[in-house]
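To start, the structure under review is shown below, and the notes come after it.
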Amino acid sequence: MHIAIIVIFFAVVIFIKLKMPMWKGKYSEKLVNNKIQELPEEYVVFNDLLFESNGYSTQIDHIVVSPYGVFVIETKGYKGWILGGENSEYWTQTIYKSKHQFYNPIKQNAGHVRFLHHLLKCSTDILFIPIVVFNNSAELKVHTDNNIVVNRYNLKRAILQYRTAVLNQETINWIIQTINQNRIIADKEKLKQHKHNAKARQYRSSRLINQGVCPQCGGHLILRKGKYGTFYGCSNFPTCKFTINS
Numbered sequence: 009m010h011i012a013i014i015v016i017f018f019a020v021v022i023f024i025k026l027k028m029p030m031w032k033g034k035y036s037e038k039l040v041n042n043k044i045q046e047l048p049e050e051y052v053v054f055n056d057l058l059f060e061s062n063g064y065s066t067q068i069d070h071i072v073v074s075p076y077g078v079f080v081i082e083t084k085g086y087k088g089w090i091l092g093g094e095n096s097e098y099w100t101q102t103i104y105k106s107k108h109q110f111y112n113p114i115k116q117n118a119g120h121v122r123f124l125h126h127l128l129k130c131s132t133d134i135l136f137i138p139i140v141v142f143n144n145s146a147e148l149k150v151h152t153d154n155n156i157v158v159n160r161y162n163l164k165r166a167i168l169q170y171r172t173a174v175l176n177q178e179t180i181n182w183i184i185q186t187i188n189q190n191r192i193i194a195d196k197e198k199l200k201q202h203k204h205n206a207k208a209r210q211y212r213s214s215r216l217i218n219q220g221v222c223p224q225c226g227g228h229l230i231l232r233k234g235k236y237g238t239f240y241g242c243s244n245f246p247t248c249k250f251t252i253n254s
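Here it is, written out as structure tokens:
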């Protein structure tokens with residue numbers, strides 16, 4: 009009897025550990041949704057979107073359509089120090105002596121923007137504004153020049169700083185209609201397959217990096233020294249701007 013209770017206890021602990029990252033991510037997305045719901049009525053909010061195209065799936069946390077542009081928001085439920093650069097392949101979360109690497113969310117969100125360009129078959133007339141949002145408990149130590157990376161309490165301010173109208177109502181309606189027509193119902197099986205494919209791509213990238221090969225173009229990775237310390241850069245720079253911390 010006691011052995012059965014112990015087995016059940018450890019099974020529950022393992023289950024919680026496996027599910028905790030997903031629960032944290034969903035909770036962070038809910039908090040971001042609460043924040044962007046505070047925007048005026050002219051901002052149309054979409055949450056937790058899944059698309060499929062040519063055998064590939066794309067999941068986007070939040071899209072906000074407005075007269076001032078289309079905001080594409082990637083949510084990260086991390087706390088602690090967040091270190092990384094705009095062109096780095098991976099960023100690092102540091103909590104005391106514990107470190108965890110994760111794929112650069114700027115690059116991840118850039119993929120979402122490229123997909124929306126393809127989906128909307130749009131020209132440069134549509135302004136896309138990618139934003140990466142972290143928990144308020146995260147201390148951001150990232151180096152970016154052309155991208156917005158903020159804590160959740162600064163998200164609304166980051167969106168409202170865009171005040172020049174660039175989209176008319178007809179275009180806004182068309183964008184909203186296209187998103188609604190192409191989004192799919194994200195059932196458990198489709199989400200599972202999406203996450204499997206994403207992990208497979210990250211595994212391939214990590215394997216190439218460990219072999220000293222650039223995962224973007226196949227060039228050689230060379231140790232370099234920059235403003236913020238040493239890093240590995242692609243031998244095909246400046247054509248390829250891939251970097252990763254040493």
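If you read the sequence shown in this note's numbering, its first letter stands for residue 9, the second for the next number, and so on. Here a beta-carbon is modelled for each residue, glycine too, at the ideal position from N, C-alpha and C.
Span separating the alpha-carbon of residue i from that of residue j
| i | j | result |
| --- | --- | --- |
| V73 | Q219 | 42 Å |
| V174 | F142 | 27 Å |
| I192 | T66 | 10 Å |
| V158 | V140 | 6 Å |
| W89 | E37 | 20 Å |
| P246 | P48 | 42 Å |
| V40 | T83 | 7 Å |
| L124 | T186 | 10 Å |
| N181 | R215 | 44 Å |
| C225 | C242 | 8 Å |
| E97 | Y64 | 21 Å |
| Q109 | N188 | 34 Å |
| K43 | K149 | 23 Å |
| K249 | N95 | 7 Å |
| G2 | T251 | This structure cannot speak to residue 2, because the chain is shown only from 9 to 254. |
| G77 | F136 | 6 Å |
| W99 | K107 | 10 Å |
| C222 | S213 | 8 Å |
| M121 | N244 | Contrary to the premise, residue 121 reads as Val rather than Met in this sequence. Between V121 and N244, the C-alpha separation is close to 25 Å. |
| G119 | V80 | 11 Å |
Opening and closing residue of the beta strand (DSSP E) in which residue i lies
| i | result |
| --- | --- |
| Q101 | Y98 to I103 |
| Q224 | Segment: none, Q224 is in no beta strand (DSSP E) and carries neither H nor E. |
For residue i: DSSP bridge partner residues
| i | result |
| --- | --- |
| P138 | V80 |
| C242 | L229 |
| W89 | T102 and E147 |
| T251 | S96 and G241 |
| Y64 | S61 |
| V157 | V140 |
| G297 | Within the shown structure, residues of the chain are numbered from 9 to 254, placing residue 297 beyond reach of any answer. |
| S108 | Note on identity: in this sequence residue 108 is His, with Ser being the wrong assignment. According to DSSP, H108 bridges with Q101. |
| H70 | N55 and I81 |
Buried or exposed (CB count within 10 angstroms, at least 16 for buried), residue i
| i | result |
| --- | --- |
| K7 | There is no way to answer for residue 7, as the model of the chain reaches only from 9 to 254. |
| T238 | exposed |
| I126 | The displayed chain sequence assigns His, not Ile, to residue 126. Exposed. |
| L168 | exposed |
| F232 | The question names Phe, but residue 232 in the sequence shown is Arg. Label assigned to R232: exposed. |
| G234 | exposed |
| Y161 | exposed |
| T70 | The identity of residue 70 in the sequence shown is His, whereas the question assumes Thr. Looking at its Cβ environment, which holds 16 or more other Cβ atoms inside 10 Å, H70 is buried. |
| I103 | exposed |
| W31 | Confidence at W31 is low in this model, with a pLDDT of 43, below 50, so its placement is unreliable and no value can be given for it. |
| I230 | exposed |
| Y35 | exposed |
Residue i, enclosing alpha helix (DSSP H) - first and last residue
| i | result |
| --- | --- |
| E46 | Run containing E46: none; DSSP gives neither H nor E here. |
| A166 | L163 to L168 |
| L175 | Careful: L175 lies outside any alpha helix (DSSP H) and carries neither H nor E. |
| P75 | Where P75 is concerned, there is no enclosing alpha helix (DSSP H), given that its DSSP letter is neither H nor E. |
| K129 | Looking at the DSSP string, K129 is not in any alpha helix (DSSP H), and its letter there is neither H nor E. |
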